[in-house]
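Just below is one structure, and these are the notes that go with it.
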Amino acid sequence: MVATRNAGNAHNSGLEGRIHLAVGKATMLTGGLILQSARLASSNQGSEIEDRRLPAVPQLAARVELGHRFHWDSWDGEASIGGRYIGATHLSFDPVLDRRTPGHALMDAHVSLSRDGWTAELLGENLTNSTADTFGFGNPYRVRLVPQRTPARPRSIGISLSRSF
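Rendered as structure tokens:
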């Protein structure tokens, strides 16, 4: 049987920061960082919980992106490359259901050209083709019986053409 229960009271303290830094006339570095300690303060479970970290809450998450605006012939362009890191987490307070997921990083990039209301864009997601577990819960009826993973979306390359009116 699968059920959801209130585990108790929790405290989450941490630090969050963002940066937008011009590193040139047309180049911008942006980033963000979260450091947090999310822990169960008191439990309704009746038994002692060994790992009091809140499930599915990483202690560290970060992102960084380098973007550049440019002109090419009569086109306005933008290009960027960036990465995200999500720290290690675990699934549950219940030792039978609990499993660990290590931290993982993903990289994305894009280039776009615009002129006269038209925009053409080339997008790339998960460029390193990471298969890291993204911590989707999976099938709740079989979670105790078989290992479950939800890998990151595979590398995707896309082309977009749009028109503004």
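With our numbering as the guide, the letters of the sequence shown map in order to residues 3 to 167.
All residues carry an ideal CB built from backbone N, CA and C; glycine is no exception.
Euclidean distance between Cα positions of Ala107 and Thr133:
10 angstroms
Length of the line joining the Cα atoms of Asp110 and Leu68
Their Cα atoms are separated by approximately 11 angstroms.
Can you tell me whether DSSP reads Asp78 as helix, strand or coil?
Strand, per DSSP.
Just to confirm, are Leu115 and Gly79 a CB contact at a threshold of 8 angstroms?
yes
What is the DSSP secondary structure of Thr136, counted as helix, strand or coil?
Three-state result, Thr136: coil.
Is it buried or exposed, Ile88, if we count other Cβ atoms within 10 angstroms and call 16 or more buried?
That one is buried.
Helix, strand or coil at Leu125 according to DSSP, with G and I counted as helix:
strand
Assign Phe95 to buried or exposed, taking buried as 16 or more other Cβ atoms, counted over all protein chains shown, within 10 Å of its Cβ.
A residue is called buried when at least 16 other Cβ atoms come within 10 angstroms of its Cβ; Phe95 meets this threshold and is buried.
For Ala107, does the three-state DSSP call read helix, strand or coil?
strand
Looking at the structure shown, is Arg157 part of a helix, part of a strand, or coil, going by DSSP?
coil
Coil, strand or helix - Ile83 by DSSP
In this structure, Ile83 counts as strand in the three-state DSSP scheme.
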